[in-house]
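Numbering (this note's numbering), first residue to last: 63 to 541.
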RNA sequence: CGGGGUGUGGCGCAGUUGGCAGCGCGCAGCGUUUGGGACGCUGAAGUCGGAGGUUCAAGUCCUCUCACCCCGACCA
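Pasting the structure below:
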């Protein structure tokens with residue numbers, strides 16, 4: 063059992079890491095997986111970081127049901143068209159054929175819409191800012207652990223507002239929240255952008271995305287935020303009386319981040335040794351490995367470990383002692399590196415003697431990442447600083463790698479050449495049509511990931527059509 | 001749905017012209033080990049994906065079938 067090199071077979075590397083780091087396992091049902099405790103803890107930390115931000119921006123959690131009447135989906139034409147192919151539908155309940163089939167939610171705009179129409183009467187009821195943590199089901203043809211599974215966990219925020227402007231502000235606010243989480247917690251640099259019409263959410267006016275780059279140069283949509291206009295308000299009759307006693311439709315939004323984010327963390331940071339977790343999200347931030355040769359050393363070393371443990375716990379560090387007696391220290395070093403633990407503390411007889419420890423950092427493999435003779439006194443302060451440094455370094459590395467793999471091209475020939483030789487993100491001025499976009503996808507397997515928001519690049523010539531435009535697009539092969 | 005592949009102890013695999021079902025890892029017990037993936041000895045564990053057929057004899061040959069994996073079309 064081991065992990066294949068990324069350069070040799072990236073998608074096998076990904077599956078190897080998930081297996082070796084004990085994150086998840088395929089279930090007996092095709093396309094669905096069991097998230098194991100270590101992987102789930104990682105997800106729980108993702109949840110915690112997002113949930114805190116949702117609360118800070120005024121949202122409350124609630125829970126809406128798993129089953130949705132089929133007729134609800136059908137109320138919004140684009141929505142049903144988009145989701146119909148991937149619905150799981152319940153037609154039998156309690157041994158009886160159901161009068162109306164129930165859809166296992168693929169997303170919850172419709173049931174939220176139905177309830178919101180009952181809850182909103184006056185402008186005083188607005189805005190409505192609700193999030194839910196839930197599982198959803200989409201019948202996928204091709205699946206990959208975390209990146210695309212038939213059932214996945216996510217949060218979906220659904221909000222209703224009095225005006226288009228407020229709803230658009232909310233959409234962009236949540237996009238910022240996602241970007242902030244990705245950058246500061248997951249240490250993944252992301253590009254905020256708007257989706258093309260072809261790529262946008264079924265039923266949305268506009269879809270926004272944070273696009274991240276994985277270790278192989280492929281793009282991964284890591285979070286989305288949709289401005290739904292009054293499409294769902296009209297479909298579900300979400301109306302209110304405004305200050306002038308006039309009936310108005312609400313403007314709604316929805317936004318989601320899923321367990322796919324775990325896949326993003328794996329692929330944005332992992333190396334040939336396995337997982338590399340950003341300290342903010344790591345279930346175990348520091349692992350302590352005791353080392354002894356002779357029996358009499360054992361007690362001293364473990365006592366020393368306890369002192370380390372106590373000090374780090376006191377400082378709020380998530381620390382674990384690996385006191386397994388049936389494994390050698392060398393095995394444990396490799397094991398925890400594979401699992402991506404950011405910092406390792408090694409405690410042996412020599413450290414007991416000198417009242418110190420050895421510190422090893424995951425982002426610098428081998429002897430380079432080791433500090434010897436680190437005094438026990440003040441260790442927690444030093445470790446916390448090191449965790450911060452590792453967090454920053456992972457972000458810096460991922461950013462540098464993304465910049466290195468982002469290319470500007472001026473012609474379609476160059477586009478194809480770069481895509482085949484180098485891959486990564488390709489930045490272009492873009493004035494093409496839906497049909498042009500479809501053709502590029504067909505010919506190159508690259509898709510238009512987004513039109514980046516924060517790029518005042520000025521006018522330029524569209525690489526495909528030759529038209530002058532100020533619109534910029536990023537194309538890439540994507541998961 | 002199209003193309004390719006695989007089903008044999010828990011996992012990864014080998015199994016020749018059909019002739020006693022094996023190897024590595026893991027697992028259990030005991031002992032020696034432990035500063036970068038330790039070693040020895042002993043042991044447990046398999047209706048060979050399923051059904052049918054050919055044969056004195058099938059993991060192996062034939063027919064049917066099921067499942068899973070990989071590559072495409074759909075997608076957070």
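Backbone N, C-alpha and C fix where the C-beta goes; we use that ideal spot for every residue, glycine too.
Cα-Cα separation, residue i to residue j
i: residue 454; j: residue 340; result: 9 Å
i: residue 237; j: residue 112; result: 12 Å
i: residue 288; j: residue 410; result: 54 Å
i: residue 478; j: residue 464; result: 19 Å
i: residue 183; j: residue 97; result: 42 Å
i: residue 439; j: residue 380; result: 19 Å
i: residue 525; j: residue 534; result: 10 Å
i: residue 194; j: residue 218; result: 5 Å
i: residue 90; j: residue 110; result: 30 Å
i: residue 481; j: residue 502; result: 12 Å
i: residue 385; j: residue 345; result: 18 Å
i: residue 462; j: residue 413; result: 37 Å
i: residue 443; j: residue 398; result: 22 Å
i: residue 517; j: residue 254; result: 10 Å
i: residue 187; j: residue 447; result: 46 Å
i: residue 508; j: residue 309; result: 45 Å
i: residue 435; j: residue 373; result: 17 Å
i: residue 222; j: residue 106; result: 27 Å
i: residue 311; j: residue 149; result: 28 Å
i: residue 159; j: residue 294; result: 30 Å
i: residue 138; j: residue 261; result: 18 Å
i: residue 484; j: residue 69; result: 13 Å
Contact under 9 Å by Cβ, residue i with residue j
i: residue 431; j: residue 418; result: no
i: residue 176; j: residue 302; result: no
i: residue 539; j: residue 273; result: no
i: residue 408; j: residue 395; result: yes
i: residue 352; j: residue 404; result: no
i: residue 327; j: residue 250; result: yes
i: residue 167; j: residue 116; result: no
i: residue 265; j: residue 234; result: no
i: residue 92; j: residue 169; result: no
i: residue 83; j: residue 402; result: yes
i: residue 322; j: residue 210; result: yes
i: residue 487; j: residue 275; result: yes
i: residue 349; j: residue 382; result: yes
Simplified DSSP assignment, three categories, for residue i
i: residue 281; result: strand
i: residue 64; result: coil
i: residue 479; result: helix
i: residue 121; result: coil
i: residue 524; result: coil
i: residue 296; result: helix
i: residue 143; result: helix
i: residue 164; result: strand
i: residue 197; result: strand
i: residue 443; result: helix
i: residue 515; result: coil
i: residue 318; result: strand
i: residue 71; result: coil
i: residue 370; result: helix
i: residue 97; result: strand
i: residue 541; result: coil
i: residue 126; result: coil
i: residue 307; result: coil
i: residue 80; result: helix
i: residue 390; result: coil
i: residue 208; result: coil
i: residue 547; result: There is no way to answer for residue 547, as the model of the chain reaches only from 63 to 541.
i: residue 250; result: coil
Proximity to residue i [Cα-Cα], best of the options
i: residue 263; options: 528, 142, 436; result: 142
i: residue 513; options: 335, 212, 268; result: 268
i: residue 129; options: 109, 230, 147, 172; result: 172
i: residue 314; options: 161, 225, 491, 457; result: 225
i: residue 163; options: 188, 131, 136, 185; result: 131
i: residue 201; options: 307, 208, 69, 145; result: 145
i: residue 257; options: 247, 270, 347; result: 270
i: residue 136; options: 221, 283, 296; result: 296
i: residue 457; options: 338, 334, 157; result: 338
i: residue 467; options: 537, 376, 192; result: 537
i: residue 133; options: 357, 151, 121; result: 151
Start and end residues, alpha helix (DSSP H) containing residue i
i: residue 502; result: 496-506
i: residue 11; result: Nothing can be reported for residue 11: it is not among the residues displayed for the chain, which extend from 63 to 541.
For residue i, the first and last residue of its enclosing beta strand (DSSP E)
i: residue 217; result: 213-223
i: residue 269; result: 268-275
Near the ligand ATP: residue i beta-carbon under 8 Å from a heavy atom
i: residue 510; result: For the ligand ATP, the structure offers nothing, since it holds no ligand at all.
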